[in-house]
Amino acid sequence: MLDYQLIFAVLFGIILLLTLILRFKIQAFIALLIASILVGIIAGMQPQDIVVTIKDGMGNTLGFVAVVVGLGAMFGAMLEHSGGAEALAKYLLNKFGEKNTTSALMITGFFVAIPVFFDVGFIILVPLIYSLQRKTKKSLLLYGIPLLAGLAITHAFIPPTPGPVAVADILKADLGWVILIGFIAAIPTTIISGPVFAKYIAKRIQIEAPDLLVEHEYNEDYPSVGVILAIIGLPIILIVGNTFLNSPLLNDFNISEGFKNWIGLIGHPFSALIIANLIAWYVLGIRRNFDKNDLLKITTKSMGPAGIIILLTGAGGVFKEMLVNTGSGEMIANYLSDSGIGILLFSFIIAALIRILQGSATVAMITAAGITAPLLLGDVSEIQKALLVIAIASGASIMSHVNDSGFWLVSKYLGLTEKQTFRIWTVMTTILALVGFTTVSILSIFV
Numbered sequence: 004m005l006d007y008q009l010i011f012a013v014l015f016g017i018i019l020l021l022t023l024i025l026r027f028k029i030q031a032f033i034a035l036l037i038a039s040i041l042v043g044i045i046a047g048m049q050p051q052d053i054v055v056t057i058k059d060g061m062g063n064t065l066g067f068v069a070v071v072v073g074l075g076a077m078f079g080a081m082l083e084h085s086g087g088a089e090a091l092a093k094y095l096l097n098k099f100g101e102k103n104t105t106s107a108l109m110i111t112g113f114f115v116a117i118p119v120f121f122d123v124g125f126i127i128l129v130p131l132i133y134s135l136q137r138k139t140k141k142s143l144l145l146y147g148i149p150l151l152a153g154l155a156i157t158h159a160f161i162p163p164t165p166g167p168v169a170v171a172d173i174l175k176a177d178l179g180w181v182i183l184i185g186f187i188a189a190i191p192t193t194i195i196s197g198p199v200f201a202k203y204i205a206k207r208i209q210i211e212a213p214d215l216l217v218e219h220e221y222n223e224d225y226p227s228v229g230v231i232l233a234i235i236g237l238p239i240i241l242i243v244g245n246t247f248l249n250s251p252l253l254n255d256f257n258i259s260e261g262f263k264n265w266i267g268l269i270g271h272p273f274s275a276l277i278i279a280n281l282i283a284w285y286v287l288g289i290r291r292n293f294d295k296n297d298l299l300k301i302t303t304k305s306m307g308p309a310g311i312i313i314l315l316t317g318a319g320g321v322f323k324e325m326l327v328n329t330g331s332g333e334m335i336a337n338y339l340s341d342s343g344i345g346i347l348l349f350s351f352i353i354a355a356l357i358r359i360l361q362g363s364a365t366v367a368m369i370t371a372a373g374i375t376a377p378l379l380l381g382d383v384s385e386i387q388k389a390l391l392v393i394a395i396a397s398g399a400s401i402m403s404h405v406n407d408s409g410f411w412l413v414s415k416y417l418g419l420t421e422k423q424t425f426r427i428w429t430v431m432t433t434i435l436a437l438v439g440f441t442t443v444s445i446l447s448i449f450v
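450 is the number that our numbering gives the last residue of the sequence shown; the numbers go up by one with no jumps.
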């Protein structure tokens with residue numbers, strides 16, 4: 004049965020949150036905290052309980068996210084400054100040949116975005132697509148769209164990028180399963196929103212590479228591609244390996260608990276990323292004669308953007324905790340169950356609405372996760388939680404437009420008008436979101 008006071012509290016909180024961000028341009032971190040407090044007040048919580056809920060929500064969330072996002076940011080900075088992303092891109096382009104260039108760019112974007120933020124990866128690699136366009140005279144979109152699709156999908160779907168890490172923690176989903184489901188969902192999503200859409204739109208809109216930008220020249224001092232792939236893949240293999248080892252799939256193999264515990268330590272995201280950071284620091288830094296003080300500056304600077312994401316995620320955890328403690332989450336879950344609305348669809352729609360209204364995919368993911376987490380009642384498997392993470396990530400990727408910084412980044416670097424950017428980038432992100440959610444929905448039938 005619906006408690007209309009709780010319903011009003013939740014709706015008021017969401018409307019207030021969006022108003023503070025959109026109308027008054029208040030930073031999302033403080034907006035989430037204000038909305039959380041007012042939800043508690045309207046729902047009838049005692050003042051002291053509200054304070055305790057804020058502390059619990061923030062503390063419980065940041066205990067995991069702060070470590071993973073911080074380590075991931077430093078790891079990505081080392082790979083970025085070593086030139087590893089460009090070396091990987093050049094290798095794939097040479098290996099695939101001009102005929103399969105779009106696939107090479109898609110794969111490049113896919114792997115580069117695992118350690119590096121979307122905007123950084125795009126800026127690093129955009130000279131590649133300029134060079135290809137000038138060489139072939141085909142539309143720049145034929146090369147730009149697959150690269151953007153690979154970058155955007157990995158950034159949204161594959162930990163240790165901050166968005167899925169934050170959502171996984173709020174939903175208490177196992178990161179190994181999120182990586183596996185994210186990879187599976189990413190395959191059709193990347194192909195359809197990348198090369199397939201690129202071939203379609205490139206025939207209709209001819210875009211030339213900008214003339215004023217200096218074309219990037221590769222040097223021969225980049226690290227080897229094998230080393231880069233090994234460093235990127237190491238933490239993923241450790242995390243996924245630990246998940247499999249401790250899953251019911253291997254129950255019949257009688258693996259000793261002592262061995263599982265040690266692998267559990269090594270394959271935990273904390274340890275896996277620490278190991279990857281140390282290897283990157285030595286192999287990409289010290290062994291290649293980087294100054295230790297420069298390495299310190301590079302890794303320290305990377306913590307700035309990470310701090311914003313960490314605080315945002317903590318505030319999203321507070322919002323979730325408030326919904327749990329007021330009882331509104333359980334009430335909404337029961338209502339959805341009775342009405343036949345699936346939690347996957349609900350989470351996708353919530354994430355999509357927030358994304359369209361306020362622009363930031365990260366804010367949309369964290370807020371939607373905070374609203375959805377209290378709805379997980381009863382026995383929910385790790386695979387189902389992982390599917391839910393990707394459903395939220397899909398919704399939070401939809402319909403990028405003028406309130407999203409990514410819209411203007413793509414517009415500027417591809418030399419597009421606003422109308423063209425809507426036809427190209429906004430449509431691509433919408434295809435990405437719909438295919439991603441469709442894939443997750445199909446997978447959910449079999450688990």
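Ideal Cβ positions, reconstructed from N, Cα and C, are used throughout, including at glycine.
Could you compute how far the alpha carbon of residue i sits from the alpha carbon of residue j?
{"i": "Val54", "j": "Gly43", "result": "10 Å"}
{"i": "Met61", "j": "Glu324", "result": "9 Å"}
{"i": "His158", "j": "Leu298", "result": "25 Å"}
{"i": "Trp180", "j": "Gly153", "result": "20 Å"}
{"i": "Leu469", "j": "Asp6", "result": "In this structure the chain extends from 4 to 450, so residue 469 is not present and cannot be described."}
{"i": "Glu220", "j": "Val243", "result": "Per-residue confidence for Glu220 stands at a pLDDT of 47, beneath the threshold of 50, marking its modelled position as unreliable; no derived number is given."}
{"i": "Ile395", "j": "Thr316", "result": "14 Å"}
{"i": "Asn222", "j": "Phe273", "result": "Its pLDDT being 48, under 50, Asn222 is placed unreliably in this model, and the coordinates cannot settle the point."}
{"i": "Gly293", "j": "Pro118", "result": "Residue 293 is actually Phe in this sequence, not Gly. Taking the straight line joining both Cα atoms gives about 20 Å."}
{"i": "Ile33", "j": "Ala318", "result": "8 Å"}
{"i": "Ala107", "j": "Lys93", "result": "9 Å"}
{"i": "Gly16", "j": "Ser227", "result": "51 Å"}
{"i": "Ile311", "j": "Thr64", "result": "14 Å"}
{"i": "Leu36", "j": "Leu348", "result": "26 Å"}
{"i": "Thr475", "j": "Gly100", "result": "A question about residue 475 goes unanswered here, because the residues of the chain that appear run from 4 up to 450."}
{"i": "Ile289", "j": "Ala275", "result": "20 Å"}
{"i": "Ala155", "j": "Gly112", "result": "8 Å"}
{"i": "Ile313", "j": "Thr424", "result": "30 Å"}
{"i": "Leu95", "j": "Gly229", "result": "12 Å"}
{"i": "Ile194", "j": "Ala46", "result": "46 Å"}
Considering just the uninterrupted stretch of the alpha helix (DSSP H) at residue i, what are its terminal residues?
{"i": "Glu211", "result": "Segment: none, Glu211 is in no alpha helix (DSSP H) and carries neither H nor E."}
{"i": "Asn296", "result": "Lys295 to Lys304"}
{"i": "Trp180", "result": "Leu178 to Ile194"}
{"i": "Phe410", "result": "Ser408 to Leu417"}
{"i": "Phe425", "result": "Premise fails: Phe425 is in no alpha helix (DSSP H) and is neither H nor E."}
{"i": "Asn63", "result": "Pro50 to His84"}
{"i": "Tyr225", "result": "Run containing Tyr225: none; DSSP gives neither H nor E here."}
{"i": "His158", "result": "Leu144 to Phe160"}
{"i": "Val450", "result": "It is not in any alpha helix (DSSP H) - Val450 carries neither H nor E in the DSSP assignment."}
{"i": "Gln30", "result": "No alpha helix (DSSP H) contains Gln30, which DSSP labels as neither H nor E."}
{"i": "Met402", "result": "Element bounds for Met402: n/a, residue is neither H nor E."}
{"i": "Ile266", "result": "Glu260 to Ile269"}
{"i": "Gly288", "result": "Counting along the chain, Gly288 falls outside any alpha helix (DSSP H), and DSSP gives it neither H nor E."}
{"i": "Ile357", "result": "Ile346 to Gln361"}
{"i": "Leu379", "result": "Here Leu379 belongs to no alpha helix (DSSP H), and DSSP marks it neither H nor E."}
{"i": "Asn3", "result": "Nothing can be reported for residue 3: it is not among the residues displayed for the chain, which extend from 4 to 450."}
{"i": "Phe273", "result": "Pro272 to Ala283"}
{"i": "Ile18", "result": "Tyr7 to Leu25"}
{"i": "Val115", "result": "Thr104 to Val115"}
{"i": "Thr420", "result": "Premise fails: Thr420 is in no alpha helix (DSSP H) and is neither H nor E."}
Since residue i and residue j are thought to touch, with beta carbons under 8 Å apart, how far apart are those beta carbons, to the nearest angstrom?
{"i": "Met81", "j": "Ile301", "result": "7 Å"}
{"i": "Glu333", "j": "Ala176", "result": "Not a contact, Cβ separation roughly 19 Å."}
{"i": "Phe114", "j": "Ile235", "result": "6 Å"}
{"i": "Lys397", "j": "Val450", "result": "Note on residue identity: the sequence assigns Ser, not Lys, to residue 397. Between Val450 and Ser397 the Cβ distance is about 17 Å, and since that is not below 8 Å, they are no contact."}
{"i": "Leu391", "j": "Ile353", "result": "Not confirmed; about 12 Å, so no contact."}
{"i": "Leu174", "j": "Ala355", "result": "Not confirmed; about 17 Å, so no contact."}
Could you tell me if residue i is buried or exposed, where buried requires 16 or more neighbouring beta carbons within 10 angstroms of its beta carbon?
{"i": "Pro50", "result": "exposed"}
{"i": "Tyr285", "result": "exposed"}
{"i": "Leu437", "result": "buried"}
{"i": "Gln8", "result": "exposed"}
{"i": "Gln209", "result": "exposed"}
{"i": "Leu380", "result": "exposed"}
{"i": "Ser408", "result": "exposed"}
{"i": "Phe160", "result": "buried"}
{"i": "Thr420", "result": "exposed"}
{"i": "Asp172", "result": "buried"}
{"i": "Val13", "result": "buried"}
{"i": "Val217", "result": "With a pLDDT of 41 at Val217, under the threshold of 50, the predicted position of this residue should be treated as unreliable, and no value is reported."}
{"i": "Ser305", "result": "buried"}
{"i": "Lys388", "result": "buried"}
{"i": "Gly307", "result": "exposed"}
- Contact between the region 71-78 and the region 156-172 (3+ Cβ pairs under 8 Å): yes
- Query: Three or more beta-carbon pairs under 8 Å between the region 425-438 and the region 192-206, yes or no?
  - Reply: yes
- Message: Any contact between the region 125-134 and the region 178-191? By contact I mean 3 or more CB pairs, one from each, below 8 Å.
- Response: no
- Item | contact_flag[the region 121-129, the region 260-276] where n(CB pairs < 8 Å) is 3 or more | Touching, no.
- Check whether the region 384-404 touches the region 349-362, taking contact to mean three or more Cβ pairs, one atom from each stretch, closer than 8 Å. yes
- Query: Would you call the region 136-144 and the region 23-41 in contact, with 3 or more CB pairs under 8 Å?
  - Reply: no
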